[in-house]
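> Have a look at the structure that comes next, please.
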Amino acid sequence: MKFYLAFLCLICTLSITSQNTLKLNNSKSPKATLTDVSWISGYWTGEALGGFVEEIWSDPYGKSMMGSFKLVTEGGEISFYELCAISEENNTLILRIKHFSKDLKGWEEKNETTDFKLVKIEKHKAYFDGLTFDLIDENNLDMYVVFKENGKEEQEMKFSYVLKK
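FYI, the numbering for the sequence shown is -20 to -1, 1 to 145, going by mature numbering (1 follows the signal peptide of the UniProt record, and there is no 0).
Okay, structure coming up:
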């Protein structure tokens, strides 16, 4: 009986932990502009993935917002970087990311990016396919990312950021 209760708790926990991200599936992205996500801009810092993370987003300009991400381990070593862009295309938004190791060697092929199509937009939430931005208040931003390994979905991870002033 204890096994079944533990198993039920595990199933409930797993279903709860992945409710912050959405999938687009075969749907069409909703209409949106960069004004709808301009609240993402800023210099955000936090702790995740066993180290210190910073994410910096520019204000909207030229139909895009540019972002960068850096993970520094507890030992002070750079783990990896990301260069990001949220772009207005076809009356909606798309998030594109390129990953780089600490020596700036790209993870994706030269002309490829990891793309996240917009699924849903709310006043202070932007749901991209497998990645969500959630503005808690003017100084706190949570991001939820579904990490994949070998093409299989693994888990949703939360990044909690504080606006650095």
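Cβ atoms here follow ideal geometry from the backbone N, Cα and C, with glycine treated the same way.
As the structure is a computational prediction, the values presented were derived from the model and not from experiment.
What do you reckon, are the CB atoms on F113 and V17 nearer than 8 Å?
As a position in the sequence shown, residue 113 is number 133, starting the count at 1. As a position in the sequence shown, residue 17 is number 37, starting the count at 1. Yes, these two residues count as a Cβ contact at 8 Å.
> Between the region 45 to 64 and the region 73 to 84, are three or more C-beta pairs nearer than 8 Å?
These segments touch.
> W24 by DSSP, collapsed to three states: which one?
Position 44 of the sequence shown, counting from 1, holds the residue named residue 24. DSSP places W24 in strand when its eight states are reduced to three.
> Inspect the beta-carbon positions of L98 and P10 and report whether they are closer than 8 Å.
Within the sequence shown, the letter at position 118 stands for residue 98. Within the sequence shown, the letter at position 30 stands for residue 10. Against a cut-off of 8 Å, the Cβ pair of P10 and L98 comes out as a contact.
> For K145 and G26, I'd like the C-alpha separation in whole angstroms.
As a working note, residue 145 is residue 165 in the sequence shown. As a working note, residue 26 is residue 46 in the sequence shown. Approximately 13 Å between the Cα atoms of the pair.
> Ignore the nearest five residues each way along the sequence and tell me which others in S44's own chain have a CB closer than 8 Å to its CB.
Against the sequence shown, residue 44 aligns to sequence position 64. Cβ within range, chain order: L14, A65, I66, S67 and E68.
> With DSSP as the reference, label W19 as helix, strand or coil.
Sequence index remark: in the sequence shown, residue 19 carries index 39 (1-based). Of the three classes helix, strand and coil, the one that applies to W19 here is helix, per DSSP.
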